[in-house]
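Colleague: Mature numbering (1 follows the signal peptide of the UniProt record, and there is no 0) puts the sequence shown at residues -45 to -1, 1 to 74. We treat Cβ as the ideally placed atom computed from N, Cα and C, and that holds for glycine. Dumping the structure here so I can ask a few things about it.
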Amino acid sequence: MTVGHTTTMHRGKRIMRKISRSLAAAVTTLAVAGITVAGAVPATAAPAGAAAASSAQCDSIRAAIRQHAEAGDKYQALAKVEASKADPDQDKVAQYNAKAKAEYQAADAYQVKYAQQCS
């Protein structure tokens, strides 16, 4: 019968630990909420939210860099294909090169933005 009693006792201790942790979490939450309501912002509250927003923003900037670089590569490849033809259309080559340059400049601008905001 001690086995049953011991098992029940261990369950009781586990339940008490869970309740204790839940109460500690609730007290912490209330304390943070109380500080926020009182007008002071907790030191850990703002950076966590800012970091999440910053991460999403940095991901967006990286995606824009990648898109513009890929578009620049595409236009550069088109310019090379056109230039390698037996009778290349120089206007098309110039247009493709101009578009490639514009895409690379946009990618560079996003690189600067990324360095300023995400580094």
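1. For ASN52 and ALA62, I'd like the C-alpha separation in whole angstroms.
2. Compute the Euclidean distance between the alpha carbons of ASP44 and VAL36, then round it to the nearest angstrom.
3. What do you reckon, are the CB atoms on TYR30 and LYS54 nearer than 8 Å?
4. Assign ASP44 to one of three DSSP states: helix, strand, or coil.
5. Please state the DSSP three-state secondary structure of SER10.
6. Does DSSP classify SER39 as helix, strand or coil?
7. Can you tell me whether ALA11 is buried or exposed? The criterion is at least 16 other CB atoms within 10 Å of its CB, across all chains shown.
8. I need the DSSP call for SER15, collapsed to helix, strand or coil.
Modeller: On the basis of the supplied data:
1. Working through the sequence shown from its first residue, we reach residue 52 at position 97. Working through the sequence shown from its first residue, we reach residue 62 at position 107. Each residue's alpha carbon lies about 15 Å from the other.
2. Here residue 44 is taken as the residue at index 89 of the sequence shown, counted from 1. Here residue 36 is taken as the residue at index 81 of the sequence shown, counted from 1. For ASP44 and VAL36, the distance between alpha carbons rounds to 11 Å.
3. Counted from its first residue, the sequence shown places residue 30 at position 75. Counted from its first residue, the sequence shown places residue 54 at position 99. Yes. Within cutoff.
4. One-based indexing of the sequence shown puts residue 44 at position 89. The answer is coil: DSSP assigns ASP44 none of H, G, I, E or B.
5. Your numbering for residue 10 matches position 55 in the sequence shown. The answer is helix: DSSP assigns SER10 an H, G or I state.
6. Mapped onto the sequence shown, residue 39 falls at position 84. When DSSP states are grouped into helix, strand and coil, SER39 belongs to the coil group.
7. Here the question's residue 11 lines up with position 56 in the sequence shown. Classification for ALA11: exposed.
8. For the purposes of this step, residue 15 is taken as the residue at position 60 of the sequence shown. Of the three classes helix, strand and coil, the one that applies to SER15 here is helix, per DSSP.
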